[in-house]
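Single-structure report; data block below.
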Amino acid sequence: MSLDVDWTKVLHLTSLLINAHLAGFHYCSDAIVLDNLDELKDSDAIVKGWFRSWDVGRRIGPASTMIPTVGYAICAWNAGIGGPSFNWNVVAAFSMLTITSFTVINVFPINDVLLAAHKKVVGAKSSDSALNSASIRRNVAAWKAGDRIRMYLARLAVVAGAMATLAV
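Counting from 1 along the sequence shown, just add 189 to a position and that's the residue number in the working numbering.
Pasting the structure below:
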């Protein structure tokens with residue numbers, strides 16, 4: 190009995206699964222965690238809540254963007270320019286690569302500001318922590334807007350990746 194495995198399909202599905210996981214993580218971060226932070230009055234609690242979301246993202250984000258990017262690029266190369274899935278794979282790979290670029294250019298500076306605030310909160314005694322609430326809220330809102338853009342890019346890649354998988 191011979192088992193013929195279509196490795197291109199496996200790579201498509203693996204990239205799509207990881208990509209969908211990232212899109213789901215961004216949705217949960219945006220719709221659940223960050224929306225609840227808007228309700229808090231205490232800037233220390235806002236910073237701690239943001240940090241929990243950021244901490245998960247920094248662990249899963251790099252692999253969750255680069256593995257599908259490379260997977261979609263390999264599938265595009267394998268399909269060739271005239272292949273039925275080529276364009277969809279290029280769109281998916283480019284969308285995932287854009288998430289990484291957008292994060293480095295637009296989100297990292299906000300991360301630095303909020304990480305400095307988190308360091309003050311964690312390092313301070315309970316009465317010493319006096320953060321500028323307006324600045325914290327503004328930076329968390331900017332981070333949330335950036336996170337939403339990354340979520341939309343991940344969703345675009347999911348759709349393009351699904352179309353590429355179906356086109357094979």
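For glycine and all other residues, C-beta sits at the position ideal for the given N, C-alpha and C.
- Item | Status (buried if at least 16 other CB within 10 Å, exposed otherwise) for residue 308 | exposed
- For residue 293, collect the residues of the same chain with a Cβ closer than 6 Å to its Cβ; drop the 5 residues on either side in sequence, then sort them by chain order. none
- When you compare each of 355, 349, 356 and 357 to residue 208 by their alpha carbons, which one comes out closest? 349
- Under 8 Å by Cβ, that's how I've got residue 215 and residue 339 pegged, so tell me the actual separation to the nearest angstrom. 6 Å
- Segment limits, alpha helix (DSSP H) that includes residue 338: 322–356
- Could you tell me whether the Cβ atoms of residue 352 and residue 243 are closer together than 8 Å? no
- Query: Taking the continuous alpha helix (DSSP H) assigned at residue 308, which residues delimit it?
  - Reply: 297–312
- Item | Proximity to residue 230 [Cα-Cα], best of 321, 281 and 341 | 321
- residue 230 - DSSP class collapsed to helix/strand/coil: coil
- Task: Under 7 Å Cβ to Cβ from residue 265, same chain only, skipping five residues before and after it: list those, please.
- Result: 275, 278, 279 and 282
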